[in-house]
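Protein chains: 2
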Amino acid sequence: MVRRLEKENRQKELSHLLADNPFTTDEQLAKKFGVSVQTIRLDRMEMGIPELRERTKQVARQVYDKVRSMLNHEFVGELLELKLEDYAVSVMEVGQEMVAEKSQVCNGDYIFSQANTLAIALINADVVLTGSARLRFRRPVYLKEKIVSRAVLARKKSNKYLIKVVSKVGAEEVFVGKFVVVAR
Amino acid sequence: MVRRLEKENRQKELSHLLADNPFTTDEQLAKKFGVSVQTIRLDRMEMGIPELRERTKQVARQVYDKVRSMLNHEFVGELLELKLEDYAVSVMEVGQEMVAEKSQVCNGDYIFSQANTLAIALINADVVLTGSARLRFRRPVYLKEKIVSRAVLARKKSNKYLIKVVSKVGAEEVFVGKFVVVAR
DNA sequence: TTCTTTTTAGTACCAGGTCTCAATACCTAG
DNA sequence: CTAGGTATTGAGACCTGGTACTAAAAAGAA
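So the sequence lines, in the order shown, correspond to chains Y and H. At the far end of the first sequence sits residue 184, using our numbering, and the numbering has no gaps. At the far end of the second sequence sits residue 1184, using our numbering, and the numbering has no gaps.
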């Protein structure tokens, strides 16, 4: 009875530990838990957790792609339609990394970024800057929801463009923004 | 003469290849270049490029940290001062990953995120959402510039807060925003 | 031809594992 | 008390993708 509990707890803790620091060898883990290396290996097997190198590779790959698309972002979301100087549509699914842990509500930054990059994508110029914007977040967006953003060019005045962006989850408006962007 | 050139070219190509896809074994590389594994190893040694596992680990670690601080961001920038429901100051240096390659101009998303997260940090509640905002980007911000953002609570009306954020590079205003945030 | 650079081959060794077989330890039900 | 199942540990062979080192062959250049 006691040992059963010990095992369960160890395994739970183990998976948490590895979730939040995947770069630990079985040997280090064994020391940390005061058990043998074999026990750790058995635990990993039971839970289907791969070895250190595999974990490292997975993290590296995942994030390598993500960094390319998100941090180095020219664009946030996935572009669905684009007619330059007319309208554009993109979709973005709210992922775990976008929400606050407690509330599961998507951070406004992402919603803004999706809209802002979409607005900029609409303009066909090498350098496009956001000049000003008015935003309204109409309701919180939760984990796993898909935000479809539609940007429409409303007015053009020399190198200044007024773009209206509406973001929806299903039929429901979650965000509207008016962006003035400037081409250089 | 010919072989010298071959070597130089191979090494150049090698480093490019690995820069843009670090997950290749020496054996795969050897096949790709039509040389022996040893030659690839020698090339790596000469150029100080570590082995596959080390490269993978580096990518994973780098990006792991970055993801934690940026993608998983509760906060963008570095918090300098905070007096809840009064004012807050943060600073952010514009990094390579924030700028458009051509123009070296910082993407507005980051400037917004710094301001938005700062505004939210000002409010002491579990769930704080951005309700609406008016933004003005006054001038482009370039690589390596340090943006100091100052958020001040202007008005409070039950659970709604009006916050004014001013971001400066040196003495120059680069962004101003008025945020209405809602606590739940 | 001799010297030098480049390339290839081969061996020993390492980390961090997998996979398999066997030996204990521990608790519990009969 | 004892047989039986679960949990833990140990030991050994083998794997991948290397490092470190030695040696030999190939190809120009002097």
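Every residue, glycine too, gets a C-beta built ideally from N, C-alpha and C. Remember, predicted model here, so these are calculated numbers, not experimental data.
Considering only their Cβ atoms, is the gap separating residue j from residue i smaller than 7 Å?
i: residue 1136 of chain H; j: residue 15 of chain Y; result: no
i: residue 163 of chain Y; j: residue 175 of chain Y; result: no
i: residue 181 of chain Y; j: residue 119 of chain Y; result: yes
i: residue 76 of chain Y; j: residue 113 of chain Y; result: yes
i: residue 80 of chain Y; j: residue 91 of chain Y; result: yes
i: residue 1088 of chain H; j: residue 1121 of chain H; result: yes
i: residue 138 of chain Y; j: residue 1134 of chain H; result: no
i: residue 1063 of chain H; j: residue 63 of chain Y; result: yes
i: residue 1123 of chain H; j: residue 1161 of chain H; result: yes
Have a look at the options and flag the residue whose alpha-carbon is nearest the alpha-carbon of residue i.
i: residue 65 of chain Y; options: H/1154, H/1155, H/1022; result: H/1022
i: residue 1046 of chain H; options: H/1182, H/1008, H/1124; result: H/1008
i: residue 147 of chain Y; options: Y/172, Y/130, Y/129; result: Y/172
i: residue 1011 of chain H; options: H/1042, H/1031, H/1024, H/1025; result: H/1042
i: residue 98 of chain Y; options: Y/58, Y/145, Y/152, Y/34; result: Y/145
i: residue 1018 of chain H; options: H/1063, H/1110, H/1035, H/1054; result: H/1054
i: residue 150 of chain Y; options: Y/59, Y/63, Y/58, Y/82; result: Y/82
i: residue 20 of chain Y; options: Y/127, Y/56, Y/153; result: Y/56
i: residue 1117 of chain H; options: H/1153, H/1143, H/1159, H/1074; result: H/1074
i: residue 86 of chain Y; options: Y/152, Y/59, Y/159; result: Y/152
i: residue 33 of chain Y; options: Y/58, Y/6, Y/170; result: Y/6
Look up residue i in the DSSP assignment and give the residues it is bridged to.
i: residue 64 of chain Y; result: None; residue 64 of chain Y has no bridge partner.
i: residue 153 of chain Y; result: Y/163
i: residue 1176 of chain H; result: H/1136, H/1166
i: residue 1147 of chain H; result: H/1092
i: residue 142 of chain Y; result: Y/105
i: residue 1110 of chain H; result: Per DSSP, none; premise fails for residue 1110 of chain H.
i: residue 81 of chain Y; result: Y/89
i: residue 1099 of chain H; result: H/1106
i: residue 1024 of chain H; result: Answer is none; residue 1024 of chain H lacks a bridge partner.
i: residue 182 of chain Y; result: Y/129, Y/160
Taking just the CA atoms, how far does residue j sit from residue i?
i: residue 1095 of chain H; j: residue 1105 of chain H; result: 10 Å
i: residue 1103 of chain H; j: residue 184 of chain Y; result: 10 Å
i: residue 27 of chain Y; j: residue 37 of chain Y; result: 6 Å
i: residue 1177 of chain H; j: residue 155 of chain Y; result: 23 Å
i: residue 29 of chain Y; j: residue 61 of chain Y; result: 24 Å
i: residue 50 of chain Y; j: residue 1108 of chain H; result: 40 Å
i: residue 157 of chain Y; j: residue 1093 of chain H; result: 33 Å
i: residue 127 of chain Y; j: residue 1100 of chain H; result: 8 Å
i: residue 1191 of chain H; j: residue 1040 of chain H; result: The structure shown does not extend to residue 1191 of chain H, since chain H is modelled only from 1001 through 1184, so no value can be given for it.
i: residue 130 of chain Y; j: residue 115 of chain Y; result: 11 Å
i: residue 165 of chain Y; j: residue 78 of chain Y; result: 15 Å
i: residue 24 of chain Y; j: residue 48 of chain Y; result: 16 Å
Closer than 8 Å between beta carbons: that is the criterion. Which residues of the segment 1015 to 1029 of chain H meet it against chain Y? 1022, 1023
Near-chain H residues of the segment 154 to 172 of chain Y - C-beta to any C-beta below 9 Å: none
Using a Cβ-Cβ cut-off of less than 8 Å, give me the residues of the segment 31 to 65 of chain Y that come near chain H, in sequence order. So the close ones are 53, 56, 57, 59, 60, 61, 63, 64.
Select from the segment 1103 to 1118 of chain H all residues with a C-beta closer than 8 Å to any C-beta belonging to chain Y, and list them in chain order. 1103, 1105, 1107, 1108, 1109, 1112, 1113, 1116, 1117
Taking any Cβ of chain Y, which residues in the segment 1122 to 1154 of chain H have a Cβ under 8 Å from it, in chain order? 1126, 1127, 1129, 1130, 1131, 1132, 1133, 1134, 1135, 1136, 1137, 1140
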